Amino acid sequence: MELILATGNNHKAEELQEIMKDHRIIIPRDLGIDFDFEETGTTFFENSYGKAMHLFKQTGKPVIADDSGLCVPALDGAPGIYSARYGAAPGEPDLESPERNALLLSQMEGIENREAFFVCSMVLIMGEYRFFAAQETVEGEIIRESRGVGGFGYDPLFYLPHLNKTIAELPAEEKNLLSHRGLAGKKMAAIIDTINI
Ligand code: ITT
Numbered sequence: 023m024e025l026i027l028a029t030g031n032n033h034k035a036e037e038l039q040e041i042m043k044d045h046r047i048i049i050p051r052d053l054g055i056d057f058d059f060e061e062t063g064t065t066f067f068e069n070s071y072g073k074a075m076h077l078f079k080q081t082g083k084p085v086i087a088d089d090s091g092l093c094v095p096a097l098d099g100a101p102g103i104y105s106a107r108y109g110a111a112p113g114e115p116d117l118e119s120p121e122r123n124a125l126l127l128s129q130m131e132g133i134e135n136r137e138a139f140f141v142c143s144m145v146l147i148m149g150e151y152r153f154f155a156a157q158e159t160v161e162g163e164i165i166r167e168s169r170g171v172g173g174f175g176y177d178p179l180f181y182l183p184h185l186n187k188t189i190a191e192l193p194a195e196e197k198n199l200l201s202h203r204g205l206a207g208k209k210m211a212a213i214i215d216t217i218n219i
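Sequential numbering from 23 applies to the sequence shown in the numbering used here.
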């Protein structure tokens with residue numbers, strides 16, 4: 023089925039299209055919609071539901087949203103739901119990924135506990151009173167120096183000890199097999215197989 027992904031982030035759309043191969047992922051821009059949503063929720067789920075419902079009200083068609091981010095327990099869960107806005111002053115544009123990553127590394131200086139996890143909360147809205155949700159995580163560590171050029175965002179800092187690689191060092195297909203978005207997207211595809219469309 024055709025799903026409109028409530029995002030302004032092309033990387034997410036590209037990844038989700040690969041993850042949900044049986045479906046067609048389009049973005050608001052494809053429909054000439056300038057999508058903007060202020061994320062005021064206090065959880066990934068509230069923000070993904072909010073984004074999806076906001077776009078559903080504009081289109082009336084099946085909408086999917088992904089709210090995701092990186093959580094570092096040693097930083098009390100930061101950047102967390104503020105992952106996109108990390109380091110940006112209120113009202114200012116988001117930082118570019120390399121600057122955000124440099125900030126995270128500086129915040130982690132001298133910290134021994136490097137544990138981290140990504141979260142992806144995905145919501146599919148089929149009707150005003152009909153929605154489905156899946157939320158998944160992937161665990162890893164914050165490496166001390168950026169490695170790799172694949173993926174996006176915090177991927178060059180997110181180290182998977184069992185592979186001795188950061189996510190940015192993995193081919194896209196491998197990232198999608200293990201990532202928070204890959205896991206949530208597969209669950210969502212399985213949910214779609216079981217519902218009346
Ligand atoms: P939309 O809200 O328009 O979908 P966004 O980029 O602002 O796009 P989020 O609010 O969900 O999305 O913020 C997610 C941020 O978390 C994203 O900008 C990245 O910095 C980071 N992030 C999420 N998934 C990631 C991934 O797979 N790899 C690396 N960083 C990721």
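From the three backbone atoms N, C-alpha and C, an ideal C-beta is built for every residue, glycine too.
Computed from a predicted model, the values in this text were never measured in an experiment.
* CB of Thr62 to nearest heavy atom of the ligand ITT: below 6 Å? -> no
* Start and end of the beta strand (DSSP E) containing Gly91? -> Counted as a single uninterrupted DSSP element, the beta strand (DSSP E) harbouring Gly91 occupies residues Val85 to Cys93.
* **Whole-number beta carbon distance between Ile103 and Leu27, since they are thought to touch under 8 Å** => With a Cβ gap of about 19 Å, Leu27 and Ile103 do not count as contacting.
* Would you kindly work out how many angstroms separate the C-alpha atoms of Phe59 and His184, rounded to a whole number? => The straight-line gap separating the alpha-carbon atoms of Phe59 and His184 is approximately 37 Å.
* Does the ligand ITT have even one heavy atom less than 6 Å from the beta-carbon of Thr159? -> no
* Asked: Roughly how many angstroms separate the alpha carbons of Val160 and Leu92, rounded to a whole number?
  -> If I take the Cα positions, the gap works out to 10 Å.
* Out of curiosity, what's the CA-to-CA distance linking Phe66 and Pro115? -> Using only the alpha carbons, I get a separation of about 20 Å.
* Taking just the CA atoms, how far does Ala96 sit from Ile133? -> 8 Å
* Asked: In terms of DSSP beta bridges, what is Met148 paired with?
  -> None; Met148 has no bridge partner.
* Asked: Do Asn218 and the ligand ITT come close, with the Cβ less than 6 Å from some heavy atom?
  -> no
* To do: Report the option in Ala156, Phe180 and Met148 whose CA atom is closest to the CA atom of Arg166.
  => Phe180
* Specify the secondary structure class of Gly204 as computed by DSSP and reduced to three states. => In the three-state DSSP reduction, Gly204 falls in the helix class (H, G or I).
* Just tell me which of Gly149, Gln157, Pro101 and Gln80 has its CA closest to the CA of Gly54. => Gln80
* Asked: Candidates Ser119, Glu163 and Val141: which alpha carbon is nearest Leu182's?
  -> Glu163
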